[in-house]
Amino acid sequence: MTTPLTFTRAKAAAADFLCVAGVPDGQEPFTPFTRLCRYDAGDAGPVKWFYDDLQVAVTSIARFTPAPGAPTSFCVLSAEGDVVLVRPPFPREKIPGAGITSPDAERWGRLARLRPVGDHLYACGDGGQVYRRVGGDFGAGRWEHLDRSLLQDPEERARALLRAPSSPAAEHKVFYCVDGPREDEIYVTGTRGTILVWDGATFTALPPVTAAALVSIFVEDEKRIWICGREGTLLRGNRREGFRAVAVSGRRQMFTSITRHDGRIYLASGANPRGLFTYERGSLRRVSTGLVPEIEDAHTVDSVGGALWVVGSKDIVRLEGSRWERIDHVDNAPIR
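FYI, the numbering for the sequence shown is 1 to 336, going by the UniProt record's numbering.
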């Protein structure tokens with residue numbers, strides 16, 4: 001008997017190839033186990049789903065080319081700072097000091113996002129952590145802080161919680177996403193509308209345009225950087241012209257992922273209301289697919305090779321051309 005899975009993260013490699021991180025239903029958050037599933041619609045055999053079990057809690061999936069001439073592969077980040085290249089022999093690296101339960105944890109907290117920019121991988125997370133991978137074959141690379149001055153001292157925060165629990169010093173600093181068009185223009189977003197930009201040498205804080213947490217970045221080009229987050233917030237801009245809110249739903253909505261497909265901006269909404277939304281001409285609207293039931297469960301959107309992928313905790317949907325298709329997972333009951 002198979003164990004039903006809850007999908008937590010996803011990344012597409014092609015119009016017919018998707019990687020999904022799943023955990024057994026009911027598993028406690030951050031338990032060090034993830035079933036990494038790959039769906040290959042182009043496989044000639046009858047089986048389309050393949051998987052490997054990883055003894056880590058995956059928090060992010062990226063596509064990365066580890067060396068010139070090497071194949072581009074999936075790469076995953078764990079909450080504790082493990083980075084695994086998803087290709088035999090599955091080489092692993094550990095970001096020093098990251099995590100909570102790791103033996104070398106410095107108590108800054110967990111890691112949340114992994115992204116390739118230029119020739120390097122970048123990671124960010126709790127407590128002001130931002131890292132860059134440098135040098136070496138995968139499995140022998142080195143991870144370095146981009147700016148140690150961003151780190152939040154856990155002891156100072158603990159003292160602030162006792163003295164003034166509502167003070168800025170007591171608030172847990174979280175960086176939710178890191179991405180950029182090139183390595184001298186990297187954006188980091190986080191709590192309280194934080195937008196930082198790295199110019200290759202230093203970070204600069206951009207003027208805040210919202211107090212909402214900003215959780216995901218989509219780089220359309222150097223001029224159009226899209227950022228989405230809580231309170232239904234959608235921003236667009238860049239470091240030179242600044243950012244502005246192009247849409248705010250006015251609800252307790254949380255946009256968790258954003259992409260452009262076929263000329264439209266698509267957003268996954270994880271809460272209040274959940275589902276798939278699009279931004280057009282200054283307004284947000286729910287997407288109608290014609291599927292039964294409609295998409296009511298979405299946390300990731302990704303556009304690759306002419307296809308739009310939409311993934312939720314139980315749902316996987318693909319749009320190619322004008323055709324919407326719901327894809328069943330072998331371990332879960334079909335959504336009908």
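For glycine and all other residues, C-beta sits at the position ideal for the given N, C-alpha and C. Keep in mind that this is a model prediction, so the values were computed, not measured.
For residue i, the three-state DSSP class (helix, strand or coil)
i	result
T72	coil
E155	helix
R336	coil
D150	Asp is not the amino acid found at residue 150; the sequence shown has Leu there. In the structure shown, L150 sits in a helix (DSSP, three-state: H, G or I).
L162	helix
P116	strand
Residue i burial status per 10 Å Cβ neighbour count (16 or more: buried)
i	result
H329	buried
A298	buried
A62	buried
E93	buried
S60	buried
G237	buried
R230	buried
T101	exposed
Cα-Cα separation, residue i to residue j
i	j	result
G135	H120	9 Å
S167	K173	12 Å
A41	V47	9 Å
R107	V292	46 Å
A98	F30	14 Å
I169	V246	Checking the sequence shown, residue 169 turns out to be Ala, not Ile. Cα-Cα distance, rounded: 31 Å.
A123	R159	28 Å
A268	T34	22 Å
G81	G109	10 Å
Close Cβ partners of residue i (< 6 Å) along its chain, the five nearest in sequence each way excluded
i	result
W198	I186
F203	D147, L196
residue 340	Any answer about residue 340 is impossible in this case: the structure gives the chain only from 1 up to 336.
Extent of the continuous beta strand (DSSP E) to which residue i belongs
i	result
I227	225-229
I195	195-198
P293	Run containing P293: none; DSSP gives neither H nor E here.
S60	58-64
V287	Element bounds for V287: n/a, residue is neither H nor E.
I100	Here I100 belongs to no beta strand (DSSP E), and DSSP marks it neither H nor E.
Residues near residue i by beta carbon distance below 8 Å, same chain, minus five either side
i	result
N332	P4, L5, K314
G242	L206, P207, V209
CB contact below 7 Å: residue i versus chain D
i	result
G135	Although the question refers to chain D, the structure presented lacks it and comprises just one protein chain.
Proximal residues to residue i (C-beta, below 7 Å), its chain only, five neighbours per side dropped
i	result
I265	W226, I258, T278, Y279
G180	V117, I186, Y187, V219
R224	R236
S249	G232, L284
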